[in-house]
Amino acid sequence: MPITKTEYIWMDGRLVKWEQATVHVLTHALHYGSGVFEGIRAYRTPQGAGVFRLTDHINRLFSSAKILMIDIPFSRQQLVQAVKQTVAANGLSECYIRPIVYLGYGEMGLNPLPCPVNVAVAAWPWGVYLGEEGVQKGVRVKVSSWQRHDPNAMPPAAKGTALYLNSSLAKVEALKAGYDEAVLLSPQGYVSECTGENIFVVRNDRLLTPPVAAGALEGITQASVIAIAKDLGLEVEHANLLRSDLYTAEEAFLTGTAAELVPVRSVDDREVGDGAPGPVTRKLQELFRAAVHGQVERYRGWVEHVN
Ligand code: PPE
């Protein structure tokens, strides 16, 4: 998806002009994927721009860094402020926000420990990730021939830049085959997640989503949708799913910051339900949309205002 340029990017403690937010070609992270990042969205709310679950995203950034033994040279509070400052400085009311922590310039080789650690936060307006038609009618997904990471090869709990080569391989395969998105299975054969989204199915009025142990990222949208579903009285469970569970599900949908909540229309050419987004998906989609815009009293604590 193309990037829409904004004015400022936060780099290592200060705002710099968009064009000046550059790195050296010998930056460690460029060679070895030694970085961790977040994807966050801010939404227009009655009180101005509100960043959805900002503190939770920053906490996950610190967890990712901890797994990879990267010492972030800023506090959580400083990075929360950096995000707010970036959104405010660019005058954005709705945007996608990309904080990244990466090993910088000064060392080459596979011992990352002596490397300087750099941090940047960019923000820009970003539309629907899987297309407007996907949001309305649902996406067509395909089980990938690429597996999700084995947790002893790459830790899927860390949102590390290097891990996304796996997602890109699966994404390209799915797109070339004419699908919208790929579903990856764990090395044990269980459904894990999509290239940048968690997956849910609805079965007998119960909501099921794969556990972290199946290689899925602990999604913040996933956690939000679980909370909303429970408040609606639905039973929710983390469960290992087989690909056939996707084929026979009554409903299925994907969740992620970039994608938001997107219905799944078919899996491997088998229609999910009757091939149109079901009532549970629709209800959750509607409530999630209201929640991120600060329109639901109960979930207002999730919205962290910029001003
Ligand atoms: N799984 C993966 C692999 C993933 O990348 C994301 C977010 C999720 C699940 C959902 O997590 P959450 O956003 O906390 O609900 N993917 C981010 C990056 C996507 C990209 O294409 O880049 C995102 O949605 O911002």
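The opening position of the sequence shown corresponds to residue 9 in my numbering, with each subsequent residue numbered one higher. Glycine is no exception: its CB is placed at the ideal position from the N, C-alpha and C atoms.
When the Cβ atoms of the stretch 167-180 are set against those of the stretch 202-220, are three or more pairs found closer than 8 angstroms? yes
Let me check understanding here. Comparing Cα to Cα, which of ARG156, ALA50, MET9, HIS36 lies closest to ASN315? Residue mapping note: residue 315 aligns to position 307 of the sequence shown, counting from 1. Checking every option, the nearest Cα to that of ASN315 belongs to ALA50.
Enclosing alpha helix (DSSP H) for THR63 [first to last residue]: In the sequence shown, counting from the first residue as 1, residue 63 sits at position 55. From DSSP, the alpha helix (DSSP H) with THR63 extends over 62-75.
Give every residue whose Cβ lies closer than 5 angstroms to any heavy atom of ligand 1, listed in chain order. After applying the 5 angstroms Cβ criterion, the set is GLY47, GLU201, GLY204, ASN206, LEU225, GLY227, ILE228, THR229, GLY264, THR265, ALA266.
Let me know if ASP188 comes out buried or exposed under the rule of 16 or more other beta-carbons within 10 Å of its beta-carbon. By one-based count along the sequence shown, residue 188 stands at place 180. Buried.
Quick check on the DSSP output: the alpha helix (DSSP H) that includes TYR172 runs from which residue to which? Here residue 172 refers to the residue found at position 164 when the sequence shown is read from its first residue. Per DSSP, TYR172 belongs to the alpha helix (DSSP H) from 172-184.
Answer yes if the stretch 146-166 comes into contact with the stretch 262-276, meaning at least three C-beta pairs across the two stretches below 8 angstroms, and no otherwise. yes
CA-CA distance, PHE45 and ARG290? Residue 45 sits at position 37 when you count from the first residue of the sequence shown. Residue 290 sits at position 282 when you count from the first residue of the sequence shown. Approximately 30 angstroms between the Cα atoms of the pair.
Reduced DSSP secondary structure (H/G/I, E/B, other) of PHE82: Counting from one through the sequence shown, the residue named residue 82 turns up at place 74. If DSSP states are grouped into helix, strand and coil, PHE82 belongs with coil.
Rounded to the nearest angstrom, what separates LYS145 and GLN230 at their Cα positions? Within the sequence shown, the letter at position 137 stands for residue 145. Within the sequence shown, the letter at position 222 stands for residue 230. For LYS145 and GLN230, the distance between alpha carbons rounds to 20 angstroms.
Going by DSSP, what residue range makes up the beta strand (DSSP E) through VAL109? Counted from its first residue, the sequence shown places residue 109 at position 101. That run of the beta strand (DSSP E) goes 103-111.
Contact the stretch 91-102 vs the stretch 112-124: 3+ CB pairs below 8 angstroms: Pairwise C-beta distances place the stretch 91-102 out of contact with the stretch 112-124, as fewer than three of them are shorter than 8 angstroms.
Cutoff 8 angstroms; reference SER71; Cβ partners in own chain excluding five residues on either side: For this step, residue 71 is matched to residue 63 along the sequence shown. If we look at SER71 and ignore the five residues flanking it on each side, its Cβ neighbours are ALA165, ALA166.
Is the beta carbon of HIS32 closer than 9 angstroms to that of ILE48? Here residue 48 is taken as the residue at index 40 of the sequence shown, counted from 1. Here residue 32 is taken as the residue at index 24 of the sequence shown, counted from 1. No, these two residues do not count as a Cβ contact at 9 angstroms.
Based on the DSSP secondary-structure assignment, which residues constitute the bridge partners of ALA131? What you label residue 131 is simply residue 123 of the sequence shown in a count that begins at 1. Beta-bridge pairing links ALA131 to ILE105.
Is there contact here, the stretch 209-220 with the stretch 241-261, by at least three beta-carbon pairs under 8 angstroms? Contact holds: three or more Cβ-Cβ distances are below 8 angstroms.
Going by Cα to Cα distance, which pick from THR63, ASN160, GLY56 is closest to VAL335? Here the chain covers residues 9 to 315 and nothing more, so residue 335 does not appear.
Should GLU245 and VAL288 be called a contact, given that it needs their Cβ atoms to be closer than 9 angstroms? Position 237 of the sequence shown holds residue 245. Position 280 of the sequence shown holds residue 288. It is not a contact, given that the beta carbons lie outside the stated cut-off.
Can you check whether the C-beta of ALA57 is within less than 9 angstroms of a C-beta belonging to chain B? Among the chains of the structure shown, chain B does not appear; only one protein chain is present.
Quick test of your reading: ALA131 and ILE105, contact by CB under 8 angstroms. State the CB separation rounded to the nearest angstrom. For the purposes of this step, residue 131 is taken as residue 123 along the sequence shown, with counting starting at 1. For the purposes of this step, residue 105 is taken as residue 97 along the sequence shown, with counting starting at 1. Right, the Cβ-Cβ distance comes to about 5 angstroms (below 8 angstroms), so this counts as a contact.
C-beta contact flag for SER232 and CYS123 at 9 angstroms: Locating residue 232 in the sequence shown gives position 224, counting from the first residue. Locating residue 123 in the sequence shown gives position 115, counting from the first residue. The answer is no: Cβ separation not under 9 angstroms.
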